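Chemist: First the structure, then my questions, so here it is.
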Amino acid sequence: MCGRTACSLGAENLRRACAYRDRLGQRRQPEWIQAERYRPSYNKGPQSRGPVLLSRRHLQQDADSSERVLMDMRWGLIPSWFKKDDPSKMQFNTSNCRSDTMLKKSSYKGALLKGKRCVVLADGFYEWQQCSGGKQPYFIYFPQTKDAMAEGKEGDEEWRGWRLLTMAGIFDCWEPPAGGEMLYTYTIITVDASKDVSFIHHRQHWALALTVLSPRMPAILDGDEAIRKWLDFAEVPTQEAVKLIQPTENIVFHPVSTFVNSVRNNTPECLVPIELGGKEEVKATPSSKTMLGWLKNSQEGSPQKKENDLPRWTSQFIHSPSPKKTSADILQQWLGKEGEPAAKKHKA
């Protein structure tokens, strides 16, 4: 399942990171719809709000269905047919939707057949592995290219840096029975997690086989072609689009502190790699103090950091799917944790 994510980019930077090519091959950035509602977070849980991509045609009938917009929606789908006056009265957990039943369950079937497909954006997601001493959290994300930390030139519109994780989702729009503002909500589609998962313990240098961190994982769309097909409901029918929903091994992960267990903790420490078997406390090296300080100050609305001062992250949509051979240390570099253990990578 997917019960916790992180998305720490500010609204404008998120828009730049989601640049794509339109039907004519022109580079575009998706327009934000009510960007003021979006709040970055290192620790998002169900019922919170998060950024999603969708086709503009859902909001404007005469729009090109390939044109994308960004919206901040509530996590946990409320179907349009829900009759009660309060969405919190929804009796079922709809934060995740199983791929093998999404065309059968009424909560999702109607929206999916109407083409209400979206892409849920995140730096990555958290998963917990059951261990003898309790549950160990991990942060899971796309492999990063070597130039992910490269600085862009001043005035360069391209984002250079962390590649966002793009998860397949379904959204719906609910209107209160008594009238009022429409509520947009989404669910993340899940698939069976890959079974060929292993990682090498950094310090001990021995292989620890994992069946899975969880029996299910988000359906990840790897590359712009997959994203295009999933979003363009007018050109790609449901039965064709659902073929994109497959497990992937093109992800990496590393253990993080149990600090992330509480959704109230919303700081960069949630993402910092730790050494298994070591102390739970996050140890700050001189470089990590500098980078963690930057991360804290870079949150939206911080008076200490302007949007244009942030490092530029590359748009993950204007290139082919992630290469298999990538640096597993990019996140640690991003966090300034160069002395910590390397991220653990799924072997293809």
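Residue numbering for the sequence shown follows the working numbering, starting at -17 and increasing by one per position. C-beta: ideal position from N, C-alpha, C; glycine also. Nothing here was measured: the structure is a model prediction, and the numbers come from that model.
Going by beta carbon distance, what residues of the same chain come within less than 8 Å of arginine 369, once the five residues before and after it are set aside?
Modeler: Any answer about residue 369 is impossible in this case: the structure gives the chain only from -17 up to 330.
Chemist: So the candidates are Leu(-4), Gln118, Phe121, Thr230; which of them puts its Cα closest to the Cα of aspartate 204?
Modeler: Closest by alpha carbon: Thr230.
Chemist: To the nearest angstrom, report how far apart cysteine 79 and valine 224 are at their CA atoms.
Modeler: Approximately 13 Å, taken between the alpha carbons.
Chemist: Looking at the secondary structure, which residues open and close the alpha helix (DSSP H) in which glycine 116 lies?
Modeler: Here glycine 116 belongs to no alpha helix (DSSP H); instead the beta strand (DSSP E) covers 116 to 123.
Chemist: Buried or exposed: arginine 5, going by 16 or more other Cβ atoms within 10 Å of its Cβ?
Modeler: Arginine 5 comes out exposed.
Chemist: Can you name, in chain order, every residue of its own chain whose Cβ lies under 7 Å from the Cβ of phenylalanine 74, other than the five neighbours on each side?
Modeler: Answer for phenylalanine 74: Ser89, listed in chain order.
Chemist: Where does glutamine 43 fall in DSSP's three states?
Modeler: Coil at glutamine 43, not helix or strand.
Chemist: Assuming arginine 56 contacts arginine 21 (C-beta within less than 8 Å), just tell me the rounded distance between them.
Modeler: With a Cβ gap of about 12 Å, arginine 56 and arginine 21 do not count as contacting.
Chemist: Use the C-beta contact count for methionine 199: other C-beta atoms within 10 angstroms, 16 or more gives buried, fewer gives exposed.
Modeler: Buried, by the Cβ-count rule.
Chemist: With distance defined between alpha-carbon atoms, name the residue in Glu222, Gly259, Val234 nearest to glycine 97.
Modeler: Measuring from the Cα of glycine 97, the nearest candidate turns out to be Glu222.
Chemist: Rounded to whole angstroms, what is the Cα-Cα separation between serine 297 and leucine 213?
Modeler: Its pLDDT being 42, under 50, serine 297 is placed unreliably in this model, and the coordinates cannot settle the point.
Chemist: What separation, rounded to the nearest whole angstrom, lies between the Cα atoms of arginine -2 and glutamate 140?
Modeler: Taking the straight line from one Cα to the other gives about 7 Å.
Chemist: Locate the alpha helix (DSSP H) running through serine -10, then write down its first and last residues.
Modeler: Element bounds for serine -10: n/a, residue is neither H nor E.
Chemist: When the Cα atoms are used, what is the spatial distance from glutamine 112 to proline 197?
Modeler: Straight-line Cα distance between these residues: approximately 12 Å.
Chemist: Using the Cα positions of threonine 169 and asparagine 25, report the straight-line distance between them to the nearest angstrom.
Modeler: Between threonine 169 and asparagine 25, the C-alpha separation is close to 17 Å.
Chemist: In the DSSP assignment, find the alpha helix (DSSP H) that holds tyrosine 108 and state where it starts and stops.
Modeler: Careful: tyrosine 108 lies outside any alpha helix (DSSP H), inside the beta strand (DSSP E) at 106 to 113.
Chemist: In chain order, what residues of the same chain have a beta carbon less than 7 Å from the beta carbon of proline 12, not counting five sequence neighbours either side?
Modeler: Counting only Cβ-Cβ distances below 7 Å, and skipping sequence neighbours, we find Arg(-3), Cys0, Leu35, Arg50, Val51, Leu52.
Chemist: Among residues of its own chain, excluding the 5 on either side of cysteine -11, which ones have a beta-carbon nearer than 7 Å to its beta-carbon?
Modeler: Closer than 7 Å at the Cβ level, and outside the excluded window around cysteine -11, lie Pro22, Ser23, Lys26, Gly32, Pro33, Leu103, Ala104, Asp105.
Chemist: Note down, in chain order, each residue of its chain lying with its Cβ closer than 7 Å to the Cβ of tryptophan -17, except the 5 sequence neighbours on either side.
Modeler: A small correction: the amino acid at residue -17 is methionine; tryptophan does not occupy that position in the sequence shown. Result list for methionine -17: Asn78, Thr172, Ser196, Arg198, in chain order.
Chemist: Assign tryptophan 156 to one of three DSSP states: helix, strand, or coil.
Modeler: In the structure shown, tryptophan 156 sits in a strand (DSSP, three-state: E or B).
Chemist: Using the C-alpha atoms, what's the distance from asparagine 232 back to phenylalanine 124?
Modeler: So the alpha carbons of these two residues sit roughly 7 Å apart.
Chemist: Within the continuous beta strand (DSSP E) that includes serine 70, where are the two ends?
Modeler: Per DSSP, serine 70 belongs to no beta strand (DSSP E) and is neither H nor E.
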